[in-house]
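Engineer: One structure coming up, written as structure tokens, with questions to follow.
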Amino acid sequence: MKFPAFEYAAPSTLAEAVSLLAAGRGTAKALAGGQSLLPAMAFRLAMPSMLVDLRKLKELQKITVSEDGARLGAGVRWRDIEDDARLRTAQPLLAAAIEHVAHYQIRNRGTVGGSLAHADPAAEMPGIAVTCDAEIRVLGPKGERIIAAGHFFTGALSTTLADDELIVEVSMPAWPAKRRWGFEELARRRGDFALAGIATFYDIDVGGCATNTHIGVIGACMCPHRVPQAEKALNGRVVDETTIQAAARALEEALEPPSDLHASAAYRRSLAGTLLERALQHAAK
Amino acid sequence: MRVQFELNGKPVEVDALPRTHLADCIRHQLMQTGTHVGCEHGVCGACTVIVDGAAVRSCLILAVQVEGSKVTTVEGLSRDDDLTPLQKAFRKHHALQCGFCTPGMITTAHALLTEEPDADRDRIREVLSGNICRCTGYVNIIEAVYEAREAYRSGVGK
Amino acid sequence: MSFVGQPIERIEDLRMLRGRGKYVDDLHRDGMLHAAILRSTIPHGRIRAIDTAAARAMPGVRAVFTAEDIAPGAAKVPVIPVRLMPIEQLEPFVQPVMAKNKVRYVGEPIAIIVADTLAQAEDALDVIEPDIEPLPPVPDREAAQTNRSILIEEAGTNIPISYVATKGDALAATAPYVRRERLSTGRHSAVCLEPRGLLASWDGAKTKLTIEGVAKVPFQSRRTIAKNMDLPEDCIEMIEYDVGGGFGVRGEFHPEDFLIPFMARKLGRPVKWVEDRRENLLAANHSRQIDAELEIVCEKSGRIVALRGKLWVDMGAYARANGTMVPRNAAQMMSGPYRIPNIHIQSTMLVTNKTPVGTYRGPGRFEADFFRERMFDIAARDLGVDPVEFRRMNLATKEEMPFPLATLNLPEKKEELDSGIYEIALDRCLKEFGWSEKQKLQGKLIEGRYHGIAVGCFIEGGAAGPRESARMVLDPDGGVSVFVGGTSVGQGLETVMVQIAADALGLPMESIRIFHGSTTCVTEGFGSYHSRSTVMSGSAVLLAAEALKERLREAAAKRLGCSAKDVVIGKGLAASYGGKSVTLKDVAADGISVESTFHNHRHTYANGTSAAHVSVDPKTGHVRLIDYVTVEDIGHIVNPLLATGQIVGAVVQGLGGAFLEHLQYDENGQFLTASLADYLLPISTDFPSVRAFVLEDAPSPINPLGTKGAGEGGIVSVGGVIANAVGAALAPLGAIPRRLPLTPPSVWQIIQDARKAG
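So the sequences go chain by chain: A, B and C. Once you know that position 58 of the first sequence is 58 in this note's numbering, the rest is easy, because the numbers rise by one and skip nothing. Once you know that position 40 of the second sequence is 40 in this note's numbering, the rest is easy, because the numbers rise by one and skip nothing. Once you know that position 522 of the third sequence is 522 in this note's numbering, the rest is easy, because the numbers rise by one and skip nothing.
The following block contains the structure:
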């Protein structure tokens, strides 16, 4: 499964990278870690005319943690997130979810930007971005724009990113210390794509009730999304077994999971409900 | 394209097509065939090499991407006169049968133990979950890597 | 000190650990070209034309051949003969080495490209335009059975043959308890980590064809190549190096085994071919997919009266070299180590639009043991009999050895179990597993998971004949070179053979060089399959050692001035008489070389027992394997390190088959699992607790080593034991597993089905 032929460039500046993508007129692709793009090319499912290698762009590899939240450069690797102890308290949901990504060797190369751009419906990073209302900063020939994660993913393997745009950074909002959260996924084997996964968090109001509930789903959907119907079942209520069950049933009803050779829609629906129960039980402890 | 990098401690220079992955470059241009290609889509781990200290899948890196890097393969983790402590542990525990996945296991284990010489069995299993073996059933491999920790703690493993 | 019986560390490891193994893709030859194969993407169709003009014009391309180029006009494309149990009924179903008129499975070769580099060859594949008229697909056995769409017109049916295994009179048997069940196994393949490959070189001046990178059965493959290429066998040399796993699949004759040498001869240049992983999943022999409808007939006590029923084996599109073993073994081996007085199993082969089937470790046996052990647990539960006692009361006993299995037909084959004391492995397994403690967990819901345990007994056949040879040569430095016909698939053949030779010759292991597999090694070799090599090559080594010592006596006698029978052979093979002695070095100049052949027409049967403990999450269907223990009696343990390694490796492969692996097709015959992201192999985190123990309580009476083939037993019992453990766990829910693999969605589904029914 040898790669098809392509032109190759490793620009030294972001501007150069963008102009190379633009010159490709839709046939050039950015190469970050290559852990998703190169396998697609091995199967000749992707045949870009040019690869624009981002490896020299060190500015994409920064992690910034402040009281405004966390900013991850598009070139930040899973390994970097794992190694950054600050994120365990600053973005615990992100840190927990990233533990499930792939395997040791892939984690040394795979990047945040690459995962967001590839947009696999069962991938953790897109799910976390959507659940946490992240903002994705993107650079194109006409300049920068910010895309809310909730609007970034449009379907399986498809996003609103233009052919001549590069993801530069993703911003995760600030995370209050008292926030409750949970992450549950089921994959066939460790590191596999999730059959379904749930990321959730809520805050507690003065009355002891859930507020600002965010529930995001991966794997049981065509692209990651929040589930407002399930969030509604929690907001304004004490999180106990009854509300958890109500939220799980609301989630199951709201989902439109795909069927494929690994699992049926019915299974994914039921699994997502079970995972939400468990994520909320974890959050409520 | 001309690519210059360091392979197993020695500077090398090759003329590689952009589409040649690092595994093919090492195997067929630099004639170091210890690194094996088992799937070419980033799943099996047989092609694992160490680039700038990190274990990576050499079928998912282009040769042109290691310009200026230090690359270590199983040959660079071997000695002519004797087996290394890691290799001895593999042999003692019968941690290989057909030998095809073995170079990837050795490089991955070496990278892990270099950074985490106290890794427990769960951690070893987790890290090696990216390396497929069809012959051994893994039990002996985990025991071998666990035993080799001693050498890395005392610094002789490197 | 004896080497045999010791946990000797492997010779092979010294090179493999350093990355100095030599596998076929490591080879380079001057002027070497690279081949790539165009494979049909249509499951069933009539080939109208294949336009190769654009491909031939691509950079680096040296040749593009279709079946029309290989066999122009009315000429017939060479076929792959049935190697094992050939019979007239199968003749119409053999596979041509390239599709000429029709394609019958996704993956069937339709063209071959040879180019300067493999990347260039693959680029050229992309521009070939096959014009194939699709025909109604035959995607599964139900479609095949209707015979509405016929795969092979000359045959007129999709049902090549039905075998029957019989003992006593099962059809007439009656008893108080009868239970019928439908069970199915998934479709698996070996998926060796090293993809298949060959490097063929043609020397026109010498009329010599050299094929490197061969495996498993090189002498037999040579015969087929010679016939199909119209060459004398002795013009063809098959060279084996290191082989990255076989498990029954690599080395059996596939289309590429003809196509690559053919192109090498056509072009007069060495041609290398290495399949990629997609091709390996798609085009290397598949195996295992069997549907069963079985009836067990028992006394109320649990004593089995009869086992009868039907098996349907989805053989894929053609009858491959050794595909017959799957339906045959499944029928004949189903009784395992048990006494089942009346047996009638009809085993039907069906052709479908899928990749053709061959053997894969424990062929037919993994499937049969799943069916049988599942029936046993279902019956035991119905009858209120303890599952351990159910097995114990029905095991064949030592006094009944040799114990006849059911007789197979077409051709007739009688088999008998050579030796065994089956209760020893059963009791040892229960002890190592901790059965009496773990029994308390049976069916219990603990922290949201249901627990289940199960036990199953098995046999594995080995040591297929008819013969095997070993050659020994005294080297100038006083060492001995040993050549065996057995082939390496990574099992440690070299180490085991050297252990046996060292003991037989009284030499240290370092003095012995071992060579294996290639047609240059022995005059006639039969390879490695059916776990035969320790017995067959090992016994041949023993014979050769005796012959070598005899020649040594003769050579020494000349120098010592006595008769050969007066010479005493001592340590280091020093030969002495009357206080004088000669060393090996002294006689090396005589050029001493012997070749001996060991004949065998009976199989060895190792036996064992496995037990498993699982916990099941009823909400997600996820099964966790908490413990798995296998105990196997292999007659005589040559190397305990290697023996337990084989068992654990085989068990984990079986666990893959029980939980993860399934080669899937859609309703049109389109192949769906063409990558390792879809065909899931076990990884290190899946089954951390697998334990194996070897015994040697029942040596085999049929070979001088007393040992039994032991490479496949570990896999054979896994399906049944796992399904039974899951069944035991879910018994409180009334959920009954009947199909493998037991994926979370499929386990969840049987729970839902039970809820609806109950």
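The beta-carbon is built from N, C-alpha and C at its ideal position, and this holds for glycine as well. None of the values given here were measured: they were computed from a predicted structure.
(1) Grouping DSSP H, G and I as helix and E and B as strand, with all else coil, what is H636/C?
(2) So, helix, strand or coil for H451/C, using DSSP?
(3) Relative to the C-alpha of A556/C, which candidate in S581/C, A540/C, A545/C and A544/C has its C-alpha closest?
(4) Taking any Cβ of chain A, which residues in the stretch 2 to 27 of chain B have a Cβ under 9 Å from it, in chain order?
(5) How do the stretch 135 to 147 of chain B and the stretch 65 to 84 of chain B stand: do at least 3 beta-carbon pairs fall below 8 Å, yes or no?
(6) Within 9 Å of any Cβ in chain A, is that where the Cβ of A119/C sits?
(7) Using a threshold of 9 Å, state whether the C-beta atoms of G485/C and S531/C are closer than that.
(8) Return helix, strand or coil for T604/C, following the three-state DSSP convention.
(9) Below 6 Å CB to CB, which residues in the same chain sit around G758/C once its five sequence neighbours on both sides are set aside?
(10) Could you tell me the alpha carbon to alpha carbon distance between A77/B and D418/C, rounded to whole angstroms?
(11) Quick one: what does DSSP say D377/C is sitting in, helix, strand or coil?
(12) For I683/C and chain B, any beta-carbon pair shorter than 9 Å?
(13) Taking V326/C as the reference, give the member of Y338/C, Q346/C, N342/C and L307/C with the closest Cα.
(14) Quick one: which residues of the stretch 181 to 204 of chain C get their C-beta closer than 8 Å to a C-beta of chain B? List them in chain order.
(15) Using 9 Å as the threshold, is the C-beta distance between L763/C and F671/C below it?
(16) Between F3/C and D503/C, is the Cβ-Cβ spacing less than 9 Å?
(17) Scan the stretch 268 to 302 of chain C and note each continuous beta strand (DSSP E) run of 3 residues or more that stays entirely inside, going in chain order.
(18) Closest by CA to E415/C, which one among P404/C, I424/C and N409/C?
(19) Determine the closest residue to E661/C out of P688/C, R739/C and G711/C, with distance taken between C-alpha atoms.
(20) What in chain B is Cβ-close to H262/A, meaning under 8 Å?
(21) Is it the case that the stretch 63 to 77 of chain C contacts the stretch 292 to 306 of chain C, given that we only count it when at least three CB pairs across the two stretches are under 8 Å?
(22) Whole angstroms are fine: how far does the CA of E279/C sit from the CA of Q89/C?
(23) Going by DSSP, name the residue or residues bridged to C457/C.
(24) Quick one: grab the DSSP three-state call for M31/B.
(25) Along chain A, which residues have their Cβ under 8 Å away from the Cβ of A89/B?
(26) Hey, quick one: how far does the beta strand (DSSP E) through L130/C stretch, first residue to last?
(27) On the CB-based measure, 16 or more other CB atoms within 10 Å of its CB, does S154/B come out buried or exposed?
(28) Using the three-state DSSP reduction, which class does Q4/B fall into: helix, strand or coil?
(29) Hey, how far is the Cα of P258/A from the Cα of C221/A?
(30) Can you give me, in chain order, the residues of the stretch 96 to 116 of chain B that have a beta carbon less than 8 Å from any beta carbon in chain C?
(31) Please state if the CB of D116/C and the CB of G490/C are separated by a distance shorter than 9 Å.
(32) Do you know whose CA, among Y628/C, T604/C and R20/C, lies nearest I634/C's CA?
(33) Run through chain A and tell me which residues come within less than 8 Å of L680/C, C-beta to C-beta.
(34) If you compare alpha carbons, which of Q220/C, G244/C and G246/C is closest to D234/C?
(35) Run through chain B and tell me which residues come within less than 7 Å of M16/C, C-beta to C-beta.
(36) Out of R222/C, I8/C, L14/C and R179/C, which one is the CA nearest neighbour of T519/C?
Structural biologist: Taking the definition as stated:
(1) Along the third sequence, one-based indexing puts residue 636/C at 636. DSSP places H636/C in the coil class of the three-state scheme, outside both helix and strand.
(2) Taking the third sequence and counting its residues from 1, the one referred to as residue 451/C is at position 451. It is a strand residue.
(3) The residue you call residue 556/C lines up with position 556 of the third sequence. With distances taken between Cα atoms, A556/C lies closest to S581/C.
(4) Going along the stretch 2 to 27 of chain B in chain order, one finds L17, P18, R19, T20, H21 and D24 with a Cβ nearer than 9 Å to chain A.
(5) Verdict: no, contact absent.
(6) One-based indexing of the third sequence puts residue 119/C at position 119. With 9 Å as the cut-off, A119/C counts as an interface residue toward chain A.
(7) Sequence index remark: in the third sequence, residue 485/C carries index 485 (1-based). Sequence index remark: in the third sequence, residue 531/C carries index 531 (1-based). The answer is no: Cβ separation not under 9 Å.
(8) Position 604 of the third sequence, counted from the start, is the residue given in the question as residue 604/C. Strand, per DSSP.
(9) Along the third sequence, read from residue 1 onward, the residue named residue 758/C stands at position 758. Cβ within range, chain order: G734.
(10) The residue labelled residue 77/B in the question sits at position 77 within the second sequence. The residue labelled residue 418/C in the question sits at position 418 within the third sequence. At residue 77/B the sequence reads Leu, which differs from the Ala that was named. Whole-angstrom Cα-Cα distance: 48 Å.
(11) The residue you call residue 377/C lines up with position 377 of the third sequence. Here D377/C sits in helix by DSSP.
(12) For the purposes of this step, residue 683/C is identified with residue 683 of the third sequence, where counting begins at 1. Residue contact with chain B for I683/C: present (Cβ-Cβ distance below 9 Å to some residue of chain B).
(13) The count along the third sequence starts at 1 and reaches residue 326/C at position 326. Checking every option, the nearest Cα to that of V326/C belongs to Q346/C.
(14) Answer set for the stretch 181 to 204 of chain C: A190, V191, C192, L193, E194 and P195.
(15) Outside the displayed range of chain C (1 to 758) lies residue 763/C, so it cannot be described from this structure.
(16) In the third sequence, residue 3/C corresponds to position 3, counting from 1. In the third sequence, residue 503/C corresponds to position 503, counting from 1. The answer is yes: Cβ separation under 9 Å.
(17) You should have 271 to 274 and 290 to 298.
(18) By one-based count along the third sequence, residue 415/C stands at place 415. Taking only the C-alpha atoms, the option nearest E415/C is P404/C.
(19) In the third sequence, residue 661/C corresponds to position 661, counting from 1. Out of P688/C, R739/C and G711/C, the CA that lies nearest to the CA of E661/C is found in R739/C.
(20) By 1-based counting over the first sequence, the position of residue 262/A is 262. Chain B residues near H262/A: none, gap ~15 Å exceeds 8 Å.
(21) Cβ pair count under 8 Å is below three, so no.
(22) Taking the third sequence and counting its residues from 1, one reaches residue 89/C at position 89. Taking the third sequence and counting its residues from 1, one reaches residue 279/C at position 279. Roughly 30 Å between the two C-alpha positions.
(23) Here residue 457/C refers to the residue found at position 457 of the third sequence. Per DSSP, T609/C.
(24) Locating residue 31/B in the second sequence gives position 31, where the first residue counts as 1. In this structure, M31/B counts as coil in the three-state DSSP scheme.
(25) Working through the second sequence from its first residue, we reach residue 89/B at position 89. For A89/B, there are no C-beta contacts with chain A under 8 Å, since the nearest C-beta of that chain is about 19 Å from it.
(26) Looking up residue 130/C in the third sequence gives position 130. Note on identity: in this sequence residue 130/C is Pro, with Leu being the wrong assignment. Note, P130/C: beta strand (DSSP E), E129 to P134.
(27) For this step, residue 154/B is matched to residue 154 along the second sequence. S154/B counts as exposed, since fewer than 16 other beta carbons sit within 10 angstroms of its beta carbon.
(28) By one-based count along the second sequence, residue 4/B stands at place 4. Judged by DSSP in its simplified three-state form, Q4/B adopts strand.
(29) Along the first sequence, read from residue 1 onward, the residue named residue 258/A stands at position 258. Along the first sequence, read from residue 1 onward, the residue named residue 221/A stands at position 221. Distance between the alpha carbons of P258/A and C221/A: 6 Å.
(30) The stretch 96 to 116 of chain B vs chain C, Cβ under 8 Å: L96, Q97, C98, G99, F100, C101, T102, P103 and I106.
(31) By 1-based counting over the third sequence, the position of residue 490/C is 490. By 1-based counting over the third sequence, the position of residue 116/C is 116. Not closer than 9 Å, so no.
(32) By 1-based counting over the third sequence, the position of residue 634/C is 634. Here the closest residue by C-alpha is T604/C.
(33) Position 680 of the third sequence, counting from 1, holds the residue named residue 680/C. By Cβ distance, chain A contributes R188, R189 and D192.
(34) For the purposes of this step, residue 234/C is taken as the residue at position 234 of the third sequence. The residue with the shortest Cα to Cα distance from D234/C is Q220/C.
(35) The residue labelled residue 16/C in the question sits at position 16 within the third sequence. Those within 7 Å of M16/C in chain B are L96, G99 and T102.
(36) In the third sequence, the residue the question calls residue 519/C occupies position 519. With distances taken between Cα atoms, T519/C lies closest to R222/C.
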